[in-house]
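Counting from 451, one number per residue, gives the positions in the sequence shown under this note's numbering. I have placed the structure first, in the form of C-alpha cells, so that the comments after it can refer back to it.
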Amino acid sequence: MYRSIQRIKQSIQFAIAENYLKKELFHLYKNKKYKTVIVYLTYEELKRWKKHTFSQIRLQKVKDLFIFYCYRGLVYWSVYL
Numbered sequence: 451m452y453r454s455i456q457r458i459k460q461s462i463q464f465a466i467a468e469n470y471l472k473k474e475l476f477h478l479y480k481n482k483k484y485k486t487v488i489v490y491l492t493y494e495e496l497k498r499w500k501k502h503t504f505s506q507i508r509l510q511k512v513k514d515l516f517i518f519y520c521y522r523g524l525v526y527w528s529v530y531l
C-alpha cells in the first residue's frame with residue numbers, strides 16, 4: 451500500500467509541475483509505512499508439507515513447486531517473470 455500511494459503522489463507532483471493540476475492534493479495526507487514481519491517455515495513444517503498429499507492433481511503440482519522454491523531459495527515472482 452505504501453508504494454502504491456507513493457507512486458500516485460509522484461504522478462500528482464509531476465502533473466503539478468507540468469501544469470495539469472493547479473494545487474497539491476496530497477499535502478495533508480501522511481503516508482504511514484508499516485514494518486512487515488517475515489515469518490519463515492521451519493524444517494519440520496517443510497517436511498509436513500512435503501508429506502501431505504492433495505486430492506487434486508493441480509494442488510499437488512502447486513505443492514511440489516512450492517517445496518522446490520523453498521529448497522532453492524526462490525520466490526514466486528522471480529520464477530513467474
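The beta-carbon is built from N, C-alpha and C at its ideal position, and this holds for glycine as well.
- Judged by their CB atoms, I517 and K500 are nearer to each other than the 7 Å cut-off.
- Taken in chain order, the whole alpha helix (DSSP H) runs of length 4 or more contained in the segment 467 to 506 are 493 to 501.
- Collapsing the DSSP output to three states places V512 in a helix.
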